[in-house]
Amino acid sequence: TAHEIEPAVNGHFKRMSAEEMLLHVQMWVFPFLKELNGGASSFTRHMKNAVVIIPKPSLLVESIGMGDTRASLQRLTALMESGMEPLPILGMISRQFRLLAVVRDGLEQGGKTAEIMTMLKEFDKKVSRGRGNFYPPAVERLMRQARTWSRRKISRAFEKLAFTDALLKSSRIDKKLILEHLILQLA
Numbered sequence: 069t070a071h072e073i074e075p076a077v078n079g080h081f082k083r084m085s086a087e088e089m090l091l092h093v094q095m096w097v098f099p100f101l102k103e104l105n106g107g108a109s110s111f112t113r114h115m116k117n118a119v120v121i122i123p124k125p126s127l128l129v130e131s132i133g134m135g136d137t138r139a140s141l142q143r144l145t146a147l148m149e150s151g152m153e154p155l156p157i158l159g160m161i162s163r164q165f166r167l168l169a170v171v172r173d174g175l176e177q178g179g180k181t182a183e184i185m186t187m188l189k190e191f192d193k194k195v196s197r198g199r200g201n202f203y204p205p206a207v208e209r210l211m212r213q214a215r216t217w218s219r220r221k222i223s224r225a226f227e228k229l230a231f232t233d234a235l236l237k238s239s240r241i242d243k244k245l246i247l248e249h250l251i252l253q254l255a
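Shown next, in the form of structure tokens:
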């Protein structure tokens, strides 16, 4: 309904983060447009299975962190079709799990958003020379994800990531299949 897409129409859209905008378009605007001419129109029939996919690496790692297998596989396909190489994709997935491990530690220590943000910045200085951008909404998303990952589950993820790294570098198996297998194990 028009009420569902109101944030896009009434100026609220420009105040959303990029991730919020994409989610809003995927969840409300695009479905509204797909039904624009009614259920029986030719347009509606052709749009029936259409989805919005933007090849953005951060969306892939976020969907993996949230355990959304379908979205993760769709986003992997979009990234690979856009020309992104498998090893950088694996690197981003690995980084996401390192961040989840840091956040998980912070949560277990009773840390709040500000303390966990400090932990992430310190970690990032050691690992990436401080290039990460950690602001409260991003930290809160990581905190939501980390709550669904036990320390043991994160440890197993690191084992799967290491195995996948070795496969990508030494196997003749299709690289996309290797990454899809990883996502099926993680998400």
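Just so it is clear: in the sequence shown, position 40 is 108 by this note's numbering, and no numbers are missing. Glycine included, each C-beta is placed from N, C-alpha and C at the ideal position.
Excluding sequence positions up to five before and after Glu-183, its CB lies within less than 7 Å of the CB of Gly-174, all in the same chain and listed in chain order. For Ala-206, the secondary structure class from DSSP, reduced to helix, strand or coil, is helix. The beta carbon of Leu-229 lies closer than 8 Å to those of Leu-158, Ile-161, Ser-162, Phe-165, Leu-250 in the same chain, with the five residues before and after it left out. Looking from the CA of Trp-217, the closest CA among Phe-111, Leu-235, Glu-176 belongs to Glu-176. Annotation for Asp-173: the continuous alpha helix (DSSP H) segment containing it runs 154-176.
Using a Cβ distance threshold of 9 Å, Leu-147 and Leu-168 do not count as a contacting pair. In the structure shown, the three-state DSSP call for Ser-126 is helix.
A straight-line Cα-Cα distance of about 17 Å links Ala-255 and Asp-233. Judged by DSSP secondary structure, Ile-246 falls within the alpha helix (DSSP H) whose first and last residues are 243-254. Note on geometry: alpha-carbon atoms of Arg-240 and Ile-246 lie some 10 Å from one another.
For Ala-108, there is no enclosing alpha helix (DSSP H), as DSSP marks it with neither H nor E. Arg-224 and Gln-253 have their C-alpha atoms roughly 10 Å apart. The C-beta distance from Leu-236 to Pro-154 rounds to 5 Å, short enough to fall under 8 Å. By the neighbour-count criterion, in which 16 or more other beta carbons inside 10 Å mark a residue as buried, Gly-133 falls on the buried side.
Following the DSSP letters along the chain, one finds Asp-192 inside the alpha helix (DSSP H) bounded by residues 181-196. Comparing alpha carbon positions, the residue from Leu-141, Tyr-203, Phe-98 closest to Lys-116 is Phe-98. Cβ contact annotation for Ile-222 (same chain, cutoff 8 Å, sequence separation greater than five): Phe-165, Leu-168, Ala-169, Arg-172, in chain order.
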